[in-house]
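**Student:** For the sequence shown, position 94 matches number 254 in my numbering, and the numbering has no gaps at all. So that we are looking at the same thing, I have put the structure below in structure tokens.
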Amino acid sequence: MNRFLINLVLLLFLHLSLQGQHYSPGYRNADSDWLEQLIYKGSVWQPRMIPVRGHEFFLSADYLEGQVTVAGFNFEGQKIKYDIYSDELIVLWKGVQPVVLESASVDAFTIGAGSAAVISGRRFLNLRDHFRGLTGYVEVIHQGRSMVVARHTKTIAKNSSLTSYAQYKEKTRYWFISGTECLLIRNRRSFLHMLGEHENDVKRFIRQNHLNVSNFYPQGYGQAAAFFDQLTTREEE
């Protein structure tokens with residue numbers, strides 16, 4: 161009961177403190193209260209009260225230094241963590257209260273941004289519902305004329321043994337986006353087939369540069385896609 165009352169008070173305080181602010185046409189003209197309202201418009205995050213081993217977050221259950229882009233505005237120096245079980249981004253408001261941001265407002269975020277970051281930057285975009293079969297937050301492996309992205313998810317794997325808890329199971333799938341097409345990369349061969357008439361040229365590029373292109377080294381997909389972009393650009397020149 162005490163915990164419920166504390167959360168209720170914090171939620172009311174958050175709501176009241178962000179009310180009554182005005183909209184502004186640009187970042188330089190926007191006051192700090194309005195910017196705070198913009199990013200922290202969301203709901204109070206509540207932990208799942210279920211017996212599951214592990215955690216539902218990307219990389220770490222701890223808050224990490226990051227940057228969030230909301231409605232075109234960049235907010236640096238945020239403490240964030242990404243729930244890949246529910247596909248939700250959580251920001252620590254005033255260092256005290258975890259808030260789930262409205263996904264419709266979030267354009268992008270980077271985990272590991274800033275001088276205090278303990279990991280290298282991992283950049284995510286919100287695809288929303290622009291592509292059939294792939295929605296929500298995806299990690300950017302390559303972004304040019306085409307894109308290679310990773311979709312990180314966790315599910316709860318139930319344990320058949322009554323003596324142990326269920327546990328979170330993580331899965332990552334890679335996608336190639338070109339124009340309006342969004343295709344699942346099953347392996348190196350399937351990726352190369354997606355490149356159409358440029359498949360052989362990209363194969364040659366991979367061999368000459370001794371690239372590792374696989375689901376175990378997805379950066380190789382990005383390097384190959386970058387060369388594919390060069391080929392398609394030359395065609396239009």
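C-beta: ideal position from N, C-alpha, C; glycine also. In this text the structure is predicted, and so the values were computed from the model without any measurement.
The beta strand (DSSP E) that contains Asp243, what's its start and end?
**Tutor:** Its beta strand (DSSP E) spans residues 233-243.
**Student:** Using alpha carbons as the reference points, say which of Lys363, Ile244, Lys239 lies closest to Gly226.
**Tutor:** Lys239
**Student:** Going by DSSP in three states, Asp267 sits in which element: helix, strand or coil?
**Tutor:** Note: Asp267 maps to strand in three-state DSSP.
**Student:** From which residue to which residue does the alpha helix (DSSP H) around His353 run?
**Tutor:** 348-353
**Student:** In this structure, how does DSSP classify Gly226 when only helix, strand and coil are distinguished?
**Tutor:** Three-state result, Gly226: strand.
**Student:** From what residue to what residue does the beta strand (DSSP E) around Phe284 run?
**Tutor:** 282-286
**Student:** With DSSP run on the structure shown, which of helix, strand or coil describes Phe164?
**Tutor:** Low confidence applies to Phe164: its pLDDT is 47, below 50, so where it sits in the model is not reliable enough to give any reading.
**Student:** Quick one: Cα of His312 to Cα of Ile244, how far?
**Tutor:** 6 angstroms
**Student:** Rounded to the nearest angstrom, how far is the Cβ of Phe388 from that of Ser306, given a contact under 8 angstroms?
**Tutor:** Contact flag correct, Cβ pair sits at about 6 angstroms.
**Student:** DSSP on Gly296, reduced to helix/strand/coil?
**Tutor:** Coil.
**Student:** Relative to the C-alpha of Thr270, which residue among Gly382, Phe217, Thr229, Asp247 is closest?
**Tutor:** Thr229
**Student:** Going by DSSP, what residues sit across from Tyr328 in a beta bridge?
**Tutor:** Its beta-bridge partners are Ile316.
**Student:** Less than 8 angstroms between the beta carbons of Arg317 and Thr332, yes or no?
**Tutor:** It should be pointed out that residue 317 corresponds to Ala in this sequence rather than to Arg. Contact flag unset, no.
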